[in-house]
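**Q**
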Amino acid sequence: MRRIQAGSALSAFGLGFTVPYLYVYVAQVRDLGATTAGVVLAVFAMAALVVLPFSGRAIDRRGPVPVLLVASGLAAVGAVGMGLASSVPTAVGAAALLGAGTAVLQPALATMIVWCSEPAGRTRAFALQFFLQNLGLGVGGLIGGQLVDVSRPDSFLLLFSIEAVMFLVLAAVAGTVRMAGSPAFQGARPDGGGKGGGVRALLGHKAMVQLCVLGFVLFFACYGQFESGLAAYGTEAAGIAPSTLGLALAANTAVIVLAQFLVLKFVERRKRTRVIAAVGLIWAVAWLIAGYAGLGHGSQAMATAAFVSTYALFGLGEAMLSPTVAPLVADLAPESRVGSYNSAFALVKQLALAVGPAVGGPMGASLHGPYIVTFVLFSLLVTVLAVRLGRQLTPVQNQPALAAKPSRVVVRHEPEKETAAAA
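Have a look at this one:
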């Protein structure tokens with residue numbers, strides 16, 4: 248487990264070097280224009296949508312380690328290709344490889360964590376992964392910002408080369424892990440979950456379908472707005488300086504890193520769906536604070552503070568979600584289709600991240616009031632969907648800590664009837 252977590256953190260560290268600068272690199276450093284940069288980002292996202300439906304079946308048939316090795320190799324080649332890209336075809340091809348490779352890494356890593364953990368320990372395992380990934384992204388972005396120089400394309404080649412090396416390190420670390428499966432799967436799945444296979448069987452699993460719908464709303468209302476709609480709203484409606492966006496993102500990461508293990512005990516003692524419902528309420532408050540930031544009645548300092556607080560509250564919600572949603576996907580999956588369930592949920596996330604900016608970007612830039620109202624309602628919808636999902640789960644699926652509680656039944660010894668009669 249330690250090696251899996253270390254490899255996951257290192258890959259996130261590598262991604263942090265390049266993700267914040269991909270648009271600037273293609274449009275300005277390589278002088279390929281804003282249109283090409285938009286196409287490259289779209290291809291990066293579309294590649295993930297193409298490969299994820301097939302990656303789950305591959306993980307279930309071949310195991311997560313071989314799939315992760317192939318995905319790491321593709322991502323490394325894509326990273327080096329992006330660093331050397333000087334033409335549109337090269338940049339688009341590299342983006343396709345990089346997007347496909349990185350998309351498959353998460354469900355493969357999630358399956359490895361599931362195979363190496365018991366149900367009661369998955370909450371902490373996924374919380375630790377989320378913590379390390381955010382820490383890796385933040386540190387990577389911080390160091391990358393010190394190395395990057397827009398006037399020197401070679402500095403970007405260095406960043407992409409570091410990213411490629413981190414993917415290869417992940418592959419090397421994962422290659423040393425021997426996956427034998429987990430005995431924790433036995434008896435931990437819903438009745439009939441292992442019958443059949445494929446998309447039809449997954450769509451017939453009511454609890455998983457509800458979780459996917461909930462997941463789409465979660466990612467659409469939060470992650471899908473960070474760098475699009477919410478950023479546009481902050482700069483246009485609230486008058487936030489572009490540099491403040493970096494401060495807000497830093498506040499988001501800081502809250503995740505600081506709060507992750509503080510909220511873990513709170514999460515472990517409560518039903519997962521109630522925690523998710525609470526996140527919906529917290530995010531509704533966050534959107535209301537963002538609305539206040541854009542009203543323009545207070546000072547600019549107050550608007551800035553409110554906007555940064557919005558990102559911080561989103562971070563608190565993310566810290567509460569990491570030990571609940573991903574382990575719940577694993578606990579709902581039949582033993583033979585853990586990879587398929589993880590990939591399906593990753594596909595839902597990717598769809599939300601694609602639709603979110605397309606819807607939120609224009610609204611955040613021009614329809615300020617409707618934008619805030621829309622996402623307050625989406626946050627409240629998270630709460631409603633979480634409560635409904637709770638009705639589809641078993642008590643242990645909703646709160647794994649129940650399985651670890653000792654029995655309170657007191658065993659009393661009574662003499663056998665025959666012995667008592669003889670006496």
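Each residue of the sequence shown is one higher than the one before, starting from 248 at the first, in this note's numbering.
For each residue, glycine too, the CB sits at the ideal point set by N, CA and C.
Note that the coordinates shown come from a computational prediction; the quantities given were computed from them, not determined experimentally.
So what's Pro647 in DSSP terms, helix, strand or just coil?
**A** Of the three classes helix, strand and coil, the one that applies to Pro647 here is coil, per DSSP.
**Q** Which residue wins for smallest C-alpha separation from Arg521, given the options Ala488, Pro642, Val335, Val339?
**A** Ranking the options by Cα distance to Arg521, first place goes to Pro642.
**Q** Can you tell me which of the three DSSP states Leu640 falls into?
**A** Three-state result, Leu640: coil.
**Q** At the level of alpha carbons, what is the spacing between Gly368 and Ala577?
**A** Whole-angstrom Cα-Cα distance: 12 Å.
**Q** If you measure between the beta carbons of Gly391 and Tyr268, is that distance less than 8 Å?
**A** In this structure, Tyr268 lies closer than 8 Å to Gly391 by Cβ.
**Q** Would you please state the rounded distance, in angstroms, between the beta carbons of Gly562 and Val502? I believe it to be under 8 Å.
**A** Going by Cβ atoms, the distance from Gly562 to Val502 rounds to 3 Å, so yes, they are a contact pair.
**Q** What do you get for Ser334, buried or exposed, if any count of 16 or more other CB atoms within 10 angstroms of its CB means buried?
**A** Exposed, because fewer than 16 other Cβ atoms sit within 10 Å of the Cβ of Ser334.
**Q** If you pair each beta-carbon of the stretch 547–560 with each one of the stretch 340–356, do three or more pairs fall below 8 Å?
**A** Judged by Cβ distances under 8 Å, the stretch 547–560 makes no contact with the stretch 340–356, as fewer than three pairs qualify.
**Q** Nearest by alpha-carbon distance to Ile410: which of Thr491, Ala448, Ala322, Pro354 is it?
**A** Before going on, a small fix: residue 410 reads as Glu here, not Ile. Selected option, being the one with the closest Cα: Ala322.
**Q** Using the C-alpha atoms, what's the distance from Val395 back to Phe537?
**A** Correcting the residue type first, residue 537 is Ala in the shown sequence and not Phe. Looking at the two C-alpha atoms, the distance is approximately 32 Å.
**Q** Does the stretch 598–611 come into contact with the stretch 310–318, if we say contact requires no fewer than three beta-carbon pairs (one atom in each stretch) closer than 8 Å?
**A** Not touching, per the Cβ criterion.
**Q** Reducing DSSP to helix, strand and coil, say where Phe260 ends up.
**A** Helix, per DSSP.
**Q** Put Glu365 into one of helix, strand or coil per three-state DSSP.
**A** Glu365 falls in the coil class under three-state DSSP.
**Q** Nearest-angstrom Cα distance between Tyr558 and Leu535?
**A** Cα-Cα distance, rounded: 12 Å.
**Q** Which word fits Ala488, buried or exposed, when buried means at least 16 other C-beta atoms lie within 10 angstroms of its C-beta?
**A** By the neighbour-count rule (16 or more Cβ atoms within 10 Å), Ala488 is not buried but exposed.
**Q** Can you tell me whether Lys596 is buried or exposed, with buried defined as 16 or more other CB within 10 angstroms of its CB?
**A** Buried, by the Cβ-count rule.
**Q** Starting from Thr520, trace the alpha helix (DSSP H) both ways and give me its first and last residue.
**A** Its alpha helix (DSSP H) spans residues 519–540.
**Q** Which of the three DSSP states, helix, strand or coil, is assigned to Arg425?
**A** Coil.
**Q** Mind reading off the beta-carbon distance from Pro354 to Ser590? Whole number of angstroms is fine, and I expect it under 8 Å.
**A** About 4 Å separates the two Cβ atoms, so the contact holds.
**Q** Quick check: the stretch 445–452 against the stretch 460–469, are at least 3 beta-carbon pairs closer than 8 Å?
**A** Too few Cβ pairs lie closer than 8 Å, so no.
**Q** Tell whether a beta-carbon distance below 8 Å holds between Leu379 and Ala566.
**A** Not in contact: Leu379 and Ala566 (Cβ atoms no closer than 8 Å).
**Q** Checking 8 Å against the spacing of the C-beta atoms, do Leu458 and Leu628 come in under that value?
**A** It is not a contact, given that the beta carbons lie outside the stated cut-off.
**Q** Are the CB atoms of Leu384 and Ala259 nearer to each other than 8 Å?
**A** Contact: yes.
**Q** Excluding the 5 residues preceding and the 5 following Val276 in the sequence, name in chain order all residues of the same chain whose CB lies nearer than 7 Å to its CB.
**A** Val397, Pro400, Phe403, listed in sequence order.
**Q** Could you give the DSSP three-state label for Phe554: helix, strand or coil?
**A** DSSP places Phe554 in helix when its eight states are reduced to three.
**Q** From Phe508 to Val572, what does the alpha carbon distance come to, in whole angstroms?
**A** Spanning the two alpha carbons is a distance of roughly 16 Å.
**Q** Ignore the nearest five residues each way along the sequence and tell me which others in Ala305's own chain have a CB closer than 6 Å to its CB.
**A** Contacts found: Val314.
**Q** Below 7 Å CB to CB, which residues in the same chain sit around Leu375 once its five sequence neighbours on both sides are set aside?
**A** If we look at Leu375 and ignore the five residues flanking it on each side, its Cβ neighbours are Gln252.
**Q** Please go through the stretch 567–597 and give each complete alpha helix (DSSP H) segment of 4 or more residues, from N-terminal end onward.
**A** As far as the stretch 567–597 is concerned, its whole alpha helix (DSSP H) runs of at least 4 residues are 572–579.
**Q** Going along the chain, which residues of its own chain have a beta-carbon closer than 6 Å to the beta-carbon of Phe622, five neighbours each way excluded?
**A** Within the same chain, Phe622 has close Cβ partners Ala468, Trp534.
**Q** Taking Cβ positions, are Ala326 and Ala332 nearer each other than 8 Å?
**A** Cβ distance not < 8 Å, so Ala326 and Ala332 don't count as in contact.
**Q** Which word fits Arg584, buried or exposed, when buried means at least 16 other C-beta atoms lie within 10 angstroms of its C-beta?
**A** Arg584 comes out buried.
**Q** Can you tell me whether Pro581 is buried or exposed? The criterion is at least 16 other CB atoms within 10 Å of its CB, across all chains shown.
**A** Answer is buried; the Cβ neighbour count reaches 16.
**Q** Which two residues bound the contiguous alpha helix (DSSP H) that contains Val286?
**A** It spans 280–309 - the alpha helix (DSSP H) in which Val286 sits, taken as one unbroken run.
**Q** Assuming Ile360 and Ala372 form a contact by the criterion Cβ under 8 Å, report the distance between their Cβ atoms to the nearest whole angstrom.
**A** The Cβ separation is near 5 Å, so the contact holds.
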